[in-house]
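Colleague:
Residue numbers (our numbering), protein chains in the order written: chain A, 1 to 140; chain B, 1001 to 1171.
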């Protein structure tokens, strides 16, 4: 049971008490008849301090949920980025292979045409050149 | 700041900032949301938080700003003690005088000028020292002292008047 001196309350109302003194003052639970104002005010403060149970846990749960969401989101982005990189590299090699094939075909055509140009004296309809891929027939 | 430091030094302040958030937003649910939002901000900026000289004052400031932003965003909720979840103990519930007394003090505080009201609530309900209040409200410490002194004097005068009136009525 706490009982404080009238002077303490006077100092309190004048804002001359320290925070520590005020913490002690707020523990007062016995008041005289002429201290109704103090009783009323300190009870009001006590009511105002009330808060929901387990607030700290709820706040930490919210932070944990957010972290989990961020982690899931990060994993999703990482997977999407990996898939994009794999697809990009695969596409690059496919295109490169295709270009190489075309280059080979052009080289073949070029070689063939060189060969044909040496045998330009032809009769119409005569097969000038033939291989597995190309058949060249004289036109005139 | 590590997770453990955050749990030890910042998270426990959730309970201490709750009355302020409830005062500003008018109900428990909104206060809880604002605190969660503020704590998330602090968690995400915990690296900078470790360089902060007064973590308590900074936390109060972040929560206060979050509440003020929320008030700007939404229409303020009318103060409702039942919705607020102010729980009187069983003895109080049977005693209407306690509720009346609570309303009276609340009304007296609500009628104070804004700065005085915030200072008296931060000091008496939130238990902040002058330096912390000055940090949160961006005021000089001497100004905070003056505001607190004036606010308490006004509250006392009004409470004494009410009781004097009640005493006369009873006699």
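Note that the Cβ used here is the ideal one computed from N, Cα and C, for glycine as well.
All values derive from a computational prediction rather than experimental measurement.
(1) Determine the DSSP secondary structure at residue 16 (chain A), reduced to helix, strand or coil.
(2) Using the rule of at least 16 other Cβ atoms within 10 Å of the residue's Cβ for burial, across every protein chain shown, is residue 92 (chain A) buried or exposed?
(3) Would you call the region 1043-1051 of chain B and the region 71-79 of chain A touching, i.e. three or more CB-CB distances under 8 Å?
(4) Using a C-beta to C-beta distance shorter than 7 Å, which residues of chain B count as neighbours of residue 13 (chain A)?
(5) Does residue 1045 (chain B) get closer than 8 Å to chain A when you measure Cβ to Cβ?
(6) Under 8 Å: do the region 1003-1021 of chain B and the region 1113-1131 of chain B share three or more Cβ pairs, one atom per stretch?
(7) Is it buried or exposed for residue 64 (chain A), if we count other Cβ within 10 angstroms and need 16 for buried?
(8) Can you find a C-beta in chain A that's less than 8 Å from the C-beta of residue 1149 (chain B)?
(9) Are there 16 or more other CB atoms within 10 angstroms of the CB of residue 1024 (chain B), so buried, or fewer, so exposed?
(10) Check the Cβ of residue 1159 (chain B) against every Cβ in chain A and list those closer than 9 Å, keeping chain order.
(11) Buried or exposed, going by whether 16 or more other CB atoms sit within 10 Å of the CB of residue 106 (chain A)?
(12) Who are the near neighbours of residue 1089 (chain B) in its chain, counting only those whose CB is closer than 6 Å to its CB and skipping five residues on each side?
(13) When DSSP labels each residue in this structure, what does residue 137 (chain A) get in the three-state scheme?
(14) Could you tell me which whole alpha helix (DSSP H) segments of length 4 or greater appear in the region 15-95 of chain A?
Modeller: On the basis of the supplied data:
(1) Three-state result, residue 16 (chain A): coil.
(2) The residue in question, residue 92 (chain A), is exposed, as its Cβ has fewer than 16 Cβ neighbours within 10 Å.
(3) These segments do not touch.
(4) For residue 13 (chain A), the neighbours in chain B by C-beta distance under 7 Å run, in chain order, 1152, 1153 and 1156.
(5) So no, residue 1045 (chain B) is outside the interface.
(6) Touching, yes, given that three or more Cβ pairs across the two stretches are closer than 8 Å.
(7) With fewer than 16 other CB atoms across the displayed protein chains lying within 10 angstroms of its CB, residue 64 (chain A) is exposed.
(8) Taking Cβ atoms only, chain A reaches closer than 8 Å to residue 1149 (chain B), which makes this a yes.
(9) Taking every protein chain shown into account, the CB of residue 1024 (chain B) has 16 or more other CB atoms within 10 angstroms, so this residue is buried.
(10) By Cβ distance, chain A contributes 36, 37, 38, 40 and 41.
(11) Residue 106 (chain A) is exposed by the Cβ-count criterion.
(12) Confidence is the limiting factor: at residue 1089 (chain B) the pLDDT is only 44, short of 50, which leaves the residue's position unreliable, though a coordinate-based value still follows. In the same chain as residue 1089 (chain B), and ignoring 5 residues on each side of it, no C-beta atom comes closer than 6 Å to its own.
(13) Looking at residue 137 (chain A) - three-state DSSP - the assignment turns out to be strand.
(14) Unbroken alpha helix (DSSP H) runs of no fewer than 4 residues, entirely contained in the region 15-95 of chain A, are found at 19-25 and 36-48, following chain order.
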